[in-house]
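Working notes for the structure below.
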Amino acid sequence: SLILILIFFVVSKNIIFENRAKKYTQEYVIILNLINNKKIDEAKKKLETLKTSKINIYKVLAISKLLELSKENKNEQISILDYAISSNIEKNDKDLFKIKKALLAFENLDETQFLNLLNPSDFKESPWRVLALEILGDFYLSKGQKIKAKDIYDQAIKIKDIPEIFKKDLEKKIKELK
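Last residue of the sequence shown: number 179 in my numbering, and the count goes up by one each step with no gaps.
Here you go:
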């Protein structure tokens with residue numbers, strides 16, 4: 002009987018998840034139609050609700066679409082990214098939002114704030130590690146801190162399985178720093 006209860010629980014949970022996913026998919030299609038019909042404020046309200054979804058992909062879709070719709074307002078985008086970074090979403094998605102915020106606020110952040118976003122130890126197991134390190138190195142370079150920039154670029158280039166495009170770009174940056 003314990004096995005039957007366990008099977009019932011698993012099946013019920015899957016049905017609930019599928020129903021939620023179907024509901025959120027329908028809601029997202031409605032939002033896209035609103036955007037196509039230039040009803041941006043109404044779409045944003047629905048996206049604000051969808052970003053609190055219990056399903057990660059819908060949270061990320063809503064946050065990403067809100068960012069796109071707010072591209073004219075940097076402060077609004079930063080606020081959306083702050084929400085994304087502090088929300089309960091998967092780490093890889095959160096890391097990508099940290100990178101987006103770092104790029105968006107590049108000139109306005111000091112070293113401590115930048116390291117809070119792109120701390121190399123936070124990106125150790127992230128697929129975004131090389132990109133985060135390159136941006137961090139670019140940050141140091143923009144502040145005239147060539148030694149720190151080179152150290153960061155060197156860390157990035159030593160990562161196993163680094164994509165060739167990143168490797169060439171980093172090699173060029175390191176060469177220019179010598």
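Even glycine gets a Cβ: it sits at the ideal position worked out from N, Cα and C. Computed from a predicted model, the values in this text were never measured in an experiment.
Is residue i helix, strand or coil by DSSP?
{"i": "N109", "result": "helix"}
{"i": "D162", "result": "coil"}
{"i": "Q78", "result": "helix"}
{"i": "E172", "result": "helix"}
{"i": "E91", "result": "coil"}
{"i": "G138", "result": "helix"}
{"i": "P121", "result": "helix"}
{"i": "I64", "result": "helix"}
{"i": "Q156", "result": "helix"}
Give every residue of the same chain whose Cβ lies closer than 7 Å to the Cβ of residue i, excluding the five residues on either side of it in the sequence, and list them in chain order.
{"i": "D83", "result": "none"}
Our contact map puts residue i next to residue j with C-beta atoms below 8 Å; I'd like the distance itself, whole angstroms only.
{"i": "I56", "j": "Y25", "result": "6 Å"}
{"i": "Q114", "j": "L134", "result": "That belief does not hold up - the Cβ atoms of Q114 and L134 are roughly 17 Å apart, past 8 Å."}
{"i": "P121", "j": "N93", "result": "About 16 Å separates the two Cβ atoms, so there is no contact after all."}
{"i": "L97", "j": "I81", "result": "About 13 Å; that fails the 8 Å criterion."}
{"i": "K46", "j": "S54", "result": "Not quite, the Cβ-Cβ distance comes to about 15 Å (not below 8 Å), so this is no contact."}
{"i": "L178", "j": "A150", "result": "7 Å"}
{"i": "V131", "j": "I86", "result": "Not really, about 20 Å apart at Cβ, beyond 8 Å."}
Which residues in the same chain have their Cβ closer than 6 Å to the Cβ of residue i, if we skip the five residues on either side of it in sequence?
{"i": "F140", "result": "F115"}
Does the beta-carbon distance from residue i to residue j come in below 8 Å?
{"i": "K99", "j": "L118", "result": "yes"}
{"i": "A103", "j": "L70", "result": "no"}
{"i": "Y154", "j": "I175", "result": "yes"}
{"i": "L51", "j": "I32", "result": "yes"}
{"i": "I148", "j": "A106", "result": "no"}
{"i": "K173", "j": "I158", "result": "no"}
Can you name, in chain order, every residue of its own chain whose Cβ lies under 8 Å from the Cβ of residue i, other than the five neighbours on each side?
{"i": "I41", "result": "L35 and L70"}
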